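The block underneath contains the structure these notes are about, expressed in structure tokens.
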Amino acid sequence: VNNIPQSVSVTTNNQQGSMFKQQVIVKPPPPKVMRNKAVNCKPYMHTKGVSCRPHPCTKETQTDDSMGKPVLIPIPVPIYIPAPMHMYSSPFPVPVPFPLPVPVPIFVPTTRNSITGIIKEIK
Numbered sequence: 152v153n154n155i156p157q158s159v160s161v162t163t164n165n166q167q168g169s170m171f172k173q174q175v176i177v178k179p180p181p182p183k184v185m186r187n188k189a190v191n192c193k194p195y196m197h198t199k200g201v202s203c204r205p206h207p208c209t210k211e212t213q214t215d216d217s218m219g220k221p222v223l224i225p226i227p228v229p230i231y232i233p234a235p236m237h238m239y240s241s242p243f244p245v246p247v248p249f250p251l252p253v254p255v256p257i258f259v260p261t262t263r264n265s266i267t268g269i270i271k272e273i274k
């Protein structure tokens, strides 16, 4: 794309004499191609207001064909898979009652006379 304005010279010959008239016409460069949906708005003049609405078109919002096919990126995510458990089919500990002799002090109510006899028996 060339951004330099182009100049065209036009010469006209007048019938009355040998007078030449030369005009230089400068053409502006062509406008750039806009590929934005917001630029497709065209203002409409009403009686006292201006409304601007987008023109419907058959293209998508992004008109560039350089998008290509999206690439899938794997992201590791923890997934909990239920595993079978041995509920009652595997051996497990079972409490079994087992008698253990534990000395427990017992207080027997006695009188003073019977205490002496009990102490003699213990000795």
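Count along the sequence shown starting at 1, add 151, and that's the number in this note's numbering. Ideal placement from N, C-alpha and C gives every residue a C-beta, glycine not left out. Remember, predicted model here, so these are calculated numbers, not experimental data.
Residue span of the alpha helix (DSSP H) that contains Ser265, given as start and end: Indexing the sequence shown from 1 puts residue 265 at position 114. Per DSSP, Ser265 belongs to the alpha helix (DSSP H) from Arg263 to Ile273.
Beta-carbon gap between Ile273 and Thr261 smaller than 9 Å: To locate residue 273, count along the sequence shown from 1; it is residue 122. To locate residue 261, count along the sequence shown from 1; it is residue 110. Cβ distance not < 9 Å, so Ile273 and Thr261 don't count as in contact.
Cα-Cα separation, Asn264 to Leu251: Working through the sequence shown from its first residue, we reach residue 264 at position 113. Working through the sequence shown from its first residue, we reach residue 251 at position 100. Approximately 35 Å between the Cα atoms of the pair.
Between the CA atoms of Ile266 and Pro254 - distance to the nearest angstrom: As a working note, residue 254 is residue 103 in the sequence shown. As a working note, residue 266 is residue 115 in the sequence shown. The straight-line gap from Cα to Cα measures roughly 21 Å.
Ile257 in three-state terms, based on DSSP: For the purposes of this step, residue 257 is identified with residue 106 of the sequence shown, where counting begins at 1. Coil at Ile257, not helix or strand.
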